[in-house]
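Novice: Structure in structure tokens, see below.
Below, the structure is given as structure tokens:
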């Protein structure tokens, strides 16, 4: 442990936040870069976190009547072109399939052959291909609503990538619904944002602000985009899930028509909503500390690691027996409807084990040696506390209290993230103050600025653009919770009817 | 119900088996063709069946120590080329990404732009890209074994496709493991085949023959391919899952080396094993009848449909209350560790409802009208019996017996499929008889031939090829269960040490 001078991660968050992020992901063993440009490898520790997130969200979706289905990976170019804003929004980041086999060329090397008549786009999102199915599935108002979700991989070619936050390929879910009325579609858009927010706050322990995007930040082709925004520890915003009311735009593009009860023909009203492995990036940046990531117990890859301390070989059998039996006892208990997940780390690498699990963010570490066994106790450390802060507890008491401890950790993480956001959120009405707020305190660390500014905005693109150009600050959302309030636009001084959230963002 | 003359599906299996398959899939609402060449849309009823299959297999994998991870969709051409046989095996069916954006051309239309330096292949399988990760993860023998599985979509460009059986894109799992010794890798190859066979027989109710592939039928680059083969109702074989011992071929190609306990350096021994949505095609062709598909209860999308019979509006409230409360009672029970899945179909479309659920293959249909309620009974039909075969049972008795009924249906399907296979499996030692066996009885129905022939084979490619050329019959596998037995090759008459399974196949 000698090498772990003060913190397990170098640099610390304060020293160099972006680099800290890279290091903390690497140290957690959750994911790594692949040799394929912009694509990541999600390693078992990261993937099981994703599996837990998927399971929770999938149940939530199904509770609202949504069913899962699967649609093609490829979208013909002509489909993407059906909605003008949509294709414009994605044209710059499309992986394009142009051939369907490989053949030896003149130099004997394999090259693409079998040119396709029409290029296929690897889906960046599936409104147009799913819309085509909906157009066949919908005949009458009796077929509506259609409530579909797909768990899939999508590709948006990115030049600058960051693991989990921005990768060319990522895993996500995309929900797509069609409704007979505008009101019902709007209600669904709101409902799914609420589901996302519940997932973020109750499971990822990540407080979010729900609101509406400004026109310039809308999904390409949407009438209205709702989103939830979280504050990361560098005080930047992260958009963690979006829900779009698409009006009849995509229904017209894909010809999703239905016969009403009055026997007239109408276009359906559609919605789409998505969230992705980006949530993992948000989770890391919400809770991670200078010793590594910190996993919220409700979605943690695993809950508890048992670390047998064996100093000489005659202790081995006794210690391992105790550890195995404790694992069984814990496995038999449930935490939020699922079995408690337990690891045993019996590798012979001494103190390095503890640090590995700290960096992996496991909620509870338990050391067990012959002396503990003699006293029927265990030596327990919680990831939400200082790594030196270990306590000896009677084994039975620990087993009895485990779900309570996990809940405490879950709550601590949420409260801590909420306090952090409150601490760095300000109502700002003065333009100079606003500009100062978003000017880095230290030019060498441009990532650290003020935080979230709740300021008035007149609603005009020109002001939004000026602030973006001047400060690289965007309107994260027009929050639902902010009251109507007369004020003056932070940029032009014209009258405004409410505050919006300005921040730098991922 | 007038239109349902004799059977719900036209043509019947006997009339035109391939067309029956198309119709039965369509009528079940499980999947449909998409506008994208060779790709399918898996609809909710089909996808939930896949979800159930995934859940069972995923648990089985994890019990053997396997962990899930995720690797890139794209494989650089140079990676695929690392193993010569491997690239040759897949070159003819690769979707090739050559560009990473779209731009307006001279005629104002969008076309591929941003040519890639190296083409990317949409993964047909991931040995080479996962091998690259393994080469980084393995340093010492202490890092072995690595036991990884990935649930993913893959693309193998097909010219002639059939829903679930052969599509350009399909969903699958691919397991990849690396070991320190040859023996351990061989053991893992066998273990995963056993897992597949257990899945097929115990859950899909599909009896399989486990065995080894002949050299010509091996996975490109494998040393040994094990497979399980099932007989479909047209007496053809279906390869339903394969497990490959890759020797050190891919380890050498991807440079997966480790330091042994003796501090020498060695290449790892690797395996891979896969199964896909093709299992659904096998399930349909194993159990489907002339009224539609028949779902084995253990993986069925849903177990029971409750069909309220409401003849006049004053009955409605009473009937619906009874139905809702029965749904709750059934939901509270578990069948093989999961809640019983129940549908209520209260659409006002009369008798058509019953037929829809027959075609969808739901195990149990329950009609409930005012008279049933008066007697506290329900009117129950089982999908494994004739559709007219309905019985009135006291409601409480039905609830009490439901898991037992589901188990009975599960067993019936397995036994029926096993009898069918036995009925059409023959030991054939005479060449003329062999040729007759595989010559269609009726030239207009080339799909109906004899079945599985257990015949002697000398082991030479030339005989295998001749039979394939003459009859379109292949060696499905060299079964593990067949005893060593001296005999003469069915083709050349030279000596043989055992029988193999010959059949036409999907």
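Protein chains in written order, with this note's numbering: chain A, 1 to 506; chain B, 1001 to 1506. Where is the CB? At the ideal position from N, CA and C, for every residue including glycine. Since we're looking at a predicted model, the values are computed, not measured.
1. Three-state secondary structure (DSSP) at residue 1086 of chain B?
2. Let me confirm a value: residue 510 of chain A is counted as buried when at least 16 other C-beta atoms fall within 10 Å, else exposed. Which label applies?
3. Within a Cβ cutoff of 8 Å, which residues of the same chain sit near residue 1428 of chain B, ignoring the five residues on either side of it in sequence?
4. Please report the straight-line C-alpha distance between residue 183 of chain A and residue 269 of chain A, rounded to a whole angstrom.
5. Residues in the same chain with beta-carbon distance under 8 Å from residue 232 of chain A, minus the five sequence neighbours each way, listed in chain order, please.
6. Just to check my reading of the structure: residue 1196 of chain B and residue 1126 of chain B have Cβ atoms closer than 8 Å, yes? What is that Cβ distance to the nearest angstrom?
7. Residue 359 of chain A touches chain B at which residues, Cβ-Cβ below 8 Å?
8. Counting only C-beta atoms, is residue 518 of chain A closer than 8 Å to chain B at any point?
9. Cβ closer than 8 Å: which chain A residues qualify as neighbours of residue 1302 of chain B?
10. Spell out whether any CB of chain A is found under 8 Å from the CB atom of residue 1120 of chain B.
11. Run the CB neighbour count on residue 1493 of chain B, radius 10 Å, all protein chains shown included, and call it buried at 16 or more, exposed below.
12. Cutting at 7 Å between CB atoms, please list the residues of its own chain near residue 76 of chain A, excluding the five before and the five after it.
13. Would you kindly work out how many angstroms separate the C-alpha atoms of residue 459 of chain A and residue 247 of chain A, rounded to a whole number?
14. Using a Cβ-Cβ cut-off of less than 9 Å, list which residues of the segment 1236 to 1250 of chain B approach chain A; keep chain order.
15. Less than 8 Å between CB atoms is the rule here; does residue 1499 of chain B satisfy it with respect to chain A?
16. Determine the extent of the beta strand (DSSP E) in which residue 1071 of chain B is found, giving its start and end residues.
17. What are the boundary residues of the alpha helix (DSSP H) that includes residue 151 of chain A?
18. Where does residue 12 of chain A sit, in a helix, a strand or coil, going by DSSP?
19. Which residues in chain A sit within 9 Å of residue 1477 of chain B, going by Cβ to Cβ distance?
20. Kindly indicate which residue of B/1279, B/1264 and B/1069 has the alpha-carbon position closest to the one of residue 1170 of chain B.
21. With distances taken from CA atoms, which of A/413, A/304 and A/479 is nearest residue 227 of chain A?
22. Below 8 Å CB to CB, which residues in the same chain sit around residue 1116 of chain B once its five sequence neighbours on both sides are set aside?
23. Using the Cα positions of residue 1167 of chain B and residue 1156 of chain B, report the straight-line distance between them to the nearest angstrom.
24. Using 8 Å as the threshold, is the segment 213 to 228 of chain A in touch with the segment 244 to 259 of chain A, meaning 3 or more CB pairs across them?
25. For residue 130 of chain A, which residues of its own chain have a beta-carbon under 6 Å away from its beta-carbon, when the five flanking residues on both sides are left out?
26. Any beta carbon from chain A within less than 8 Å of residue 1035 of chain B's own beta carbon?
27. Using 8 Å as the threshold, is the C-beta distance between residue 1486 of chain B and residue 1474 of chain B below it?
28. For residue 191 of chain A, I'd like the list of residues in its chain whose CB is within less than 7 Å of its CB, leaving aside the five on either flank, ordered along the chain.
29. Which of the three DSSP states, helix, strand or coil, is assigned to residue 178 of chain A?
30. Listing by chain order, which chain A residues have their CB less than 7 Å from the CB of residue 1092 of chain B?
31. Would residue 1043 of chain B pass as an interface residue toward chain A - the criterion being a Cβ-Cβ separation below 8 Å?
32. So if I threshold CB-CB distances at 8 Å, which residues from the segment 1051 to 1070 of chain B count as touching chain C?
33. On the DSSP bridge assignment, give the partners of residue 1224 of chain B in chain order.
34. Quick one: is residue 1334 of chain B buried, meaning 16 or more other Cβ sit within 10 Å of its Cβ, or exposed?
35. For residue 1142 of chain B, name the three-state secondary structure that DSSP assigns.
36. Using a Cβ-Cβ cut-off of 6 Å (strictly less than) and excluding sequence neighbours within five positions of residue 1147 of chain B, which residues of its own chain qualify?
Specialist: Concretely, from the data shown:
1. As a position in the second chain, residue 1086 of chain B is number 86, starting the count at 1. Residue 1086 of chain B falls in the helix class under three-state DSSP.
2. Coverage of chain A is limited to positions 1 through 506, which leaves residue 510 of chain A absent and any answer about it impossible.
3. Taking the second chain and counting its residues from 1, the one referred to as residue 1428 of chain B is at position 428. Correct list, in chain order: 1434, 1437, 1453, 1454, 1455 and 1490.
4. If you number the first chain from 1, residue 183 of chain A lands on position 183. If you number the first chain from 1, residue 269 of chain A lands on position 269. Between residue 183 of chain A and residue 269 of chain A, the C-alpha separation is close to 9 Å.
5. By 1-based counting over the first chain, the position of residue 232 of chain A is 232. Closer than 8 Å at Cβ, skipping near neighbours: 238, 282, 285, 286 and 506.
6. Within the second chain, numbered from 1, the residue matching residue 1196 of chain B stands at position 196. Within the second chain, numbered from 1, the residue matching residue 1126 of chain B stands at position 126. Their Cβ separation, rounded to whole angstroms, is 18 Å, which puts residue 1196 of chain B and residue 1126 of chain B out of contact at 8 Å.
7. Counting from one through the first chain, the residue named residue 359 of chain A turns up at place 359. Neighbours of residue 359 of chain A on chain B: none; closest Cβ ~17 Å, over 8 Å.
8. The displayed coordinates of chain A run from 1 to 506. Any statement about residue 518 of chain A would go beyond what the structure contains.
9. Taking the second chain and counting its residues from 1, one reaches residue 1302 of chain B at position 302. Under the 8 Å cutoff, chain A gives no residues; its nearest Cβ is about 11 Å from residue 1302 of chain B.
10. Walking along the second chain from the start, residue 1120 of chain B turns up at place 120. For residue 1120 of chain B, the answer is yes, since a Cβ of chain A falls inside 8 Å of its Cβ.
11. Mapped onto the second chain, residue 1493 of chain B falls at position 493. The residue in question, residue 1493 of chain B, is exposed, as its Cβ has fewer than 16 Cβ neighbours within 10 Å.
12. On the first chain, residue 76 of chain A is found 76 positions in, with the first residue counted as 1. So the list reads 118 and 120, once near-sequence residues are dropped.
13. Here residue 459 of chain A corresponds to residue number 459 of the first chain, with the count starting at 1. Here residue 247 of chain A corresponds to residue number 247 of the first chain, with the count starting at 1. Rounded to whole angstroms, residue 459 of chain A to residue 247 of chain A spans 21 Å at the Cα level.
14. none
15. As a first step, residue 1499 of chain B must be located in the second chain, where it is residue number 499. It does not: the Cβ of residue 1499 of chain B has no partner Cβ on chain A nearer than 8 Å.
16. Along the second chain, one-based indexing puts residue 1071 of chain B at 71. No beta strand (DSSP E) contains residue 1071 of chain B, which DSSP labels as neither H nor E.
17. Position 151 of the first chain, counting from 1, holds the residue named residue 151 of chain A. Per DSSP, residue 151 of chain A belongs to no alpha helix (DSSP H); it is in the beta strand (DSSP E), 146 to 155.
18. Position 12 of the first chain, counted from the start, is the residue given in the question as residue 12 of chain A. Three-state DSSP puts residue 12 of chain A in coil, outside helix and strand.
19. As a working note, residue 1477 of chain B is residue 477 in the second chain. What residue 1477 of chain B touches in chain A: nothing, since even the nearest Cβ is about 29 Å away.
20. Position 170 of the second chain, counted from the start, is the residue given in the question as residue 1170 of chain B. Ranking the options by Cα distance to residue 1170 of chain B, first place goes to B/1279.
21. The residue you call residue 227 of chain A lines up with position 227 of the first chain. When only C-alpha atoms are compared, the closest one is A/479.
22. Counting from one through the second chain, the residue named residue 1116 of chain B turns up at place 116. Same-chain partners within the cutoff: 1097, 1098, 1099 and 1100.
23. Numbered from 1 along the second chain, position 167 holds the residue referred to as residue 1167 of chain B. Numbered from 1 along the second chain, position 156 holds the residue referred to as residue 1156 of chain B. Residue 1167 of chain B and residue 1156 of chain B: Cα-Cα distance of roughly 8 Å.
24. yes
25. In the first chain, counting from the first residue as 1, residue 130 of chain A sits at position 130. Taken in chain order, the residues that qualify are 71 and 176.
26. Stepping through the second chain from its first residue, residue 1035 of chain B is reached at position 35. Yes, residue 1035 of chain B lies at the interface with chain A (some Cβ there is under 8 Å from its Cβ).
27. For the purposes of this step, residue 1486 of chain B is taken as the residue at position 486 of the second chain. For the purposes of this step, residue 1474 of chain B is taken as the residue at position 474 of the second chain. The answer is no: Cβ separation not under 8 Å.
28. Working through the first chain from its first residue, we reach residue 191 of chain A at position 191. Cβ neighbours of residue 191 of chain A beyond the five flanking positions: 64.
29. The residue labelled residue 178 of chain A in the question sits at position 178 within the first chain. Looking at residue 178 of chain A - three-state DSSP - the assignment turns out to be strand.
30. Within the second chain, residue 1092 of chain B is the residue found at index 92, counting from 1. Those within 7 Å of residue 1092 of chain B in chain A are 101.
31. The count along the second chain starts at 1 and reaches residue 1043 of chain B at position 43. So, interface residue.
32. Reference to chain C is not applicable here, since the protein chains of this structure are A and B.
33. Stepping through the second chain from its first residue, residue 1224 of chain B is reached at position 224. DSSP, once it has assigned bridges, lists B/1245 as partnering residue 1224 of chain B.
34. Here residue 1334 of chain B refers to the residue found at position 334 of the second chain. The residue in question, residue 1334 of chain B, is exposed, as its Cβ has fewer than 16 Cβ neighbours within 10 Å.
35. Here the question's residue 1142 of chain B lines up with position 142 in the second chain. Three-state result, residue 1142 of chain B: helix.
36. Here residue 1147 of chain B refers to the residue found at position 147 when the second chain is read from its first residue. Cβ within range, chain order: 1065, 1066 and 1177.
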